[in-house]
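Written below as structure tokens is the structure these notes are about.
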Amino acid sequence: MDIYTSTMLISIFMFSFATSMMPGPNNIMLLSSGLTFGYKRTIPHILGVVIGFPLMTIFVGLGLGKFFEFSPKAFMVLKVVGMLYLIWLAWQIVKSSPKFKEYDEDAKPLTFMPIILFQWVNPKNWIKIITAMSVYVTSLEHAMGQIILITFVFFTTVVMSANTWAVGGLVLKRLIKSEVGIKRFNTIMAVALIASMAPVLFK
Numbered sequence: 103m104d105i106y107t108s109t110m111l112i113s114i115f116m117f118s119f120a121t122s123m124m125p126g127p128n129n130i131m132l133l134s135s136g137l138t139f140g141y142k143r144t145i146p147h148i149l150g151v152v153i154g155f156p157l158m159t160i161f162v163g164l165g166l167g168k169f170f171e172f173s174p175k176a177f178m179v180l181k182v183v184g185m186l187y188l189i190w191l192a193w194q195i196v197k198s199s200p201k202f203k204e205y206d207e208d209a210k211p212l213t214f215m216p217i218i219l220f221q222w223v224n225p226k227n228w229i230k231i232i233t234a235m236s237v238y239v240t241s242l243e244h245a246m247g248q249i250i251l252i253t254f255v256f257f258t259t260v261v262m263s264a265n266t267w268a269v270g271g272l273v274l275k276r277l278i279k280s281e282v283g284i285k286r287f288n289t290i291m292a293v294a295l296i297a298s299m300a301p302v303l304f305k
């Protein structure tokens, strides 16, 4: 018996691609970082998402997610912690605008470790992974292989989405022609970042 049929693989890819590409906390932060700091300085941020999310997928797939399924109060605590951490990240975006023509060395992009940590306190990640495991882990006999394959698909689509949104920031750079414009855009993105969590927090 194969781990998955080709139809099931396509379904997993489409689910992962759609949920990875849609606007959300990770993608909003990547768009803002690409605009503010350029692609090269955003690479640690990209790596934090690209490595952090699949790593989380493996651990959740191996059973950590069951804890939150059976402990709603613990999941609520995660939501609150995630929201507070998100507010901190949003504040980093607001104050990160560098000089428009020449990067300010005092303004630093978000780095690898804070983004790795954010993956674990982002309730949207938990919902996405638990949903995928519930739907696509279909066989106890092949569960480990299926979890690994799901993680690989997630990794592939996250690489695509992270780079697409970061490059999207470079495109916006050509449209926003002043330091004030970047500052305003980052403020809007910070508000959008917090708002993106509201449906999860108050669900």
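This note's numbering numbers the first residue of the sequence shown as 103 and each following residue consecutively.
Backbone N, C-alpha and C define an ideal beta-carbon position, used for all residues, glycine too.
message: Which of the three DSSP states is assigned to ASN129 in this structure?
response: helix
- prompt: Helix, strand or coil for HIS147 per DSSP?
  reply: helix
message: When you compare the stretch 231-250 with the stretch 104-124, are there three or more beta-carbon pairs, one atom per stretch, that lie closer than 8 angstroms?
response: They touch, by the three-pair rule.
- prompt: If SER263 and MET158 are in contact, beta carbons under 8 angstroms, what's the gap, nearest whole angstrom?
  reply: So it is not a contact: roughly 15 angstroms between Cβ atoms.
field: Outcome for MET178 when other beta-carbon atoms lying within 10 angstroms are tallied against a minimum of 16
entry: exposed
task: Use the C-beta contact count for ILE112: other C-beta atoms within 10 angstroms, 16 or more gives buried, fewer gives exposed.
output: Here ILE112 is exposed: its Cβ has fewer than 16 other Cβ atoms, across all protein chains shown, within 10 Å.
- request: Counting only the same chain and skipping the five closest in sequence on each side, list residues whose C-beta sits under 7 angstroms from that of ARG143.
  value: PRO211
Proximity below 9 angstroms, CB of ILE217 to CB of GLY163: GLY163 sits away from ILE217, with the two beta carbons spaced by 9 angstroms or more.
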